[in-house]
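Encoded structure:
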């Protein structure tokens, strides 16, 4: 709408306590309080998006609303808007939607189709290094998805495994 685009905190009466407007032509999603180095921080994803797929980075502010860091996906990718989770081990979990050429004949599609590879990355917050990277195409077949093929999968990518979140379970594994 015509309202403010960015991160905003309101009091119980709806009055603005704090706001940080997103830069022009960008959006802010997933605004929340997380913990980094034992202290609360404000975090959100900032970037651009089209049809549920984002291209951006994570933003971290300290208790005084000062920007501490920006967290970017590695290996040539840009982070998607669906997840930016700071872990207790000093890392961040990000989701990436990578558009790739794909053989979709296993789901009655074309051999020269397009698909979205759901990627999960764990980024070291101190160095920005990718510590772990997982690709859906290496582990989940197109025939395991439930979403129908797009009308023209040569032009529109098949989003067969739309990742929405990633977390750490009680054993320290990613879920």
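In the numbering used here, the protein residues as written are 339 to 513.
Idealized CB from N, CA, C, for every residue including glycine.
Measure the C-alpha to C-alpha separation of residue 416 and residue 427 and round it to an integer number of angstroms.
Working through the chain shown from its first residue, we reach residue 416 at position 78. Working through the chain shown from its first residue, we reach residue 427 at position 89. The alpha-carbon atoms of residue 416 and residue 427 are separated by roughly 22 Å.
Where the beta strand (DSSP E) containing residue 387 begins and where it ends
Position 49 of the chain shown holds residue 387. Run containing residue 387: 377-388, per the beta strand (DSSP E) assignment.
C-alpha gap between residue 491 and residue 452, whole angstroms
Position 153 of the chain shown, counting from 1, holds the residue named residue 491. Position 114 of the chain shown, counting from 1, holds the residue named residue 452. Going from the Cα of residue 491 to the Cα of residue 452 covers about 6 Å.
For residue 430, which residues from the same chain have a beta carbon less than 8 Å from its beta carbon, with the 5 sequence-adjacent residues on both sides left out?
Mapped onto the chain shown, residue 430 falls at position 92. In chain order, 396, 409, 422, 423, 424, 460, 461 and 463 place their CB closer than 8 Å to the CB of residue 430, counting only its own chain and leaving out the 5 sequence neighbours on each side.
Secondary structure of residue 501, DSSP reduced to three states:
As a position in the chain shown, residue 501 is number 163, starting the count at 1. Under the three-state reduction of DSSP, residue 501 is assigned to coil, being neither helix nor strand.
Boundaries of the beta strand (DSSP E) in which residue 370 is found, first to last residue
Walking along the chain shown from the start, residue 370 turns up at place 32. Segment 365-374, the beta strand (DSSP E) holding residue 370.
Given this structure, state the Cα-to-Cα distance separating residue 502 from residue 351, to the nearest angstrom.
Taking the chain shown and counting its residues from 1, the one referred to as residue 502 is at position 164. Taking the chain shown and counting its residues from 1, the one referred to as residue 351 is at position 13. Near 32 Å, if we compare the C-alpha coordinates of residue 351 and residue 502.
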